[in-house]
Ligand SMILES: [Zn+2]
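In this note's numbering, the protein residues as written are 1 to 88.
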């Protein structure tokens with residue numbers, strides 16, 4: 001994380017699992033996460049404050065697939081999305 005970008009990794013899941021069905025949305029969601037220390041800005045959608053529309057679109061697709069968003073978003077960003085701890 002030396003340049004502020006978040007480290008990412010690739011993983012393998014079954015295509016016919018809930019997470020597999022949401023895989024493209026997870027990729028989109030992760031691409032539109034703010035860099036560490038700049039939680040109000042999307043690195044790709046500079047014109048929009050974060051959470052940007054493409055992040056919200058991905059979040060909606062992931063939620064619709066039955067996958068929990070909390071586990072896909074770094075904890076330091078949770079206060080930006082959920083005002084109460086544990087609220088989903
Ligand atoms: Zn964005």
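In this text, a Cβ means the ideal position worked out from N, Cα and C, and glycines have one as well. These numbers come from a predicted model, not from an experiment.
- Count the other C-beta atoms from every protein chain shown that fall within 10 angstroms of the C-beta of residue 19, then say buried if there are 16 or more, exposed otherwise. What you label residue 19 is simply residue 19 of the chain shown in a count that begins at 1. Looking at its Cβ environment, which holds 16 or more other Cβ atoms inside 10 Å, residue 19 is buried.
Express the C-alpha separation of residue 17 and residue 41 in angstroms, rounding to a whole number. Residue 41 sits at position 41 when you count from the first residue of the chain shown. Residue 17 sits at position 17 when you count from the first residue of the chain shown. Cα to Cα, the separation comes out at about 32 Å.
In whole angstroms, what separates the C-alpha of residue 53 from that of residue 45? One-based indexing of the chain shown puts residue 53 at position 53. One-based indexing of the chain shown puts residue 45 at position 45. Inter-residue distance for residue 53 and residue 45 is about 9 Å (C-alpha atoms, whole angstroms).
query: What whole-angstrom Cβ distance do residue 72 and residue 29 have, given they're in contact under 8 Å?
result: Locating residue 72 in the chain shown gives position 72, counting from the first residue. Locating residue 29 in the chain shown gives position 29, counting from the first residue. Sure, about 6 Å apart at Cβ, within 8 Å.
- Leaving aside the five residues before and after residue 59 along the sequence, list all residues of the same chain whose C-beta is less than 7 Å from its C-beta, in chain order. Residue mapping note: residue 59 aligns to position 59 of the chain shown, counting from 1. The residues are 29, 69.
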